[in-house]
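Okay, structure first, notes after.
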Amino acid sequence: MTSTIKWLSILFFATLAQASQPWSTQDKLMEMGFATSIVMDWGQTRDIQRWSAGNHRHEENPILGGHPSNDAINNYFISSLVLHALIADQLHGKWRTAWQAAWIGLEVGTVQRNYALGIRLNF
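First residue of the sequence shown? That's 2 in my numbering, and the numbers climb one at a time after it.
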C-alpha cells in the first residue's frame, strides 16, 4: 500500500507540473481534499470487501460490482485519483473549482453515509 501512495503522489505532482493553466493554492488544496476523501472511500470499500463474505454488506458502486476483488478496488481508486487530477488540469477557473467541489461533495457524502452504516477504513 505504501508504494501505491508513493506512485500516486508522483503522478499527482507530475500532473500539477504539466498543468495547462497554473494551479492556484485553492486548486491544489481542493485536489488534495478530493484525494483525501476518495482514499477514505477506498479504505471503506476495502472494509466492505473484507466483510462481505458471510454477511449482508455489498458494494453499491455499479462499476465495481457487489463483491469486487482487491485488485479491482485498487485499480478503480488509483485510476479515479489520476483521472480526476488530469481532468481538473484541463479545466480552467470556475470550471476547475466546480469539478473539484462537486466530487469532494460526492465523496464526503459517501464516506459519511458509509460511516453511519458502520463501515470503517481498512487498508
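Every residue gets a Cβ at the ideal spot worked out from N, C-alpha and C, and that includes glycine.
With 16 other Cβ atoms within 10 Å as the buried cut-off, status of residue i
{"i": "G44", "result": "buried"}
{"i": "V70", "result": "Rather than Val, the amino acid found at residue 70 in this sequence is Ser. Exposed: under 16 other Cβ atoms inside 10 Å."}
{"i": "M33", "result": "exposed"}
{"i": "N76", "result": "exposed"}
{"i": "Q91", "result": "exposed"}
{"i": "A36", "result": "buried"}
{"i": "E60", "result": "buried"}
{"i": "A117", "result": "exposed"}
Chain C contact for residue i (CB, 8 Å cutoff)
{"i": "A117", "result": "Judged by its chain identifiers, the structure shown contains no chain C, having just a single protein chain."}
N-terminal and C-terminal residue of the alpha helix (DSSP H) that residue i is part of
{"i": "W100", "result": "94-117"}
{"i": "S80", "result": "71-91"}
Inter-residue CB distance, residue i and residue j (contact presumed, cutoff 8 Å)
{"i": "I39", "j": "L82", "result": "6 Å"}
{"i": "A73", "j": "L65", "result": "6 Å"}
{"i": "M41", "j": "L122", "result": "6 Å"}
Q) Would the segment 89-99 and the segment 109-117 be scored as touching if the rule is three or more Cβ pairs under 8 Å? A) no
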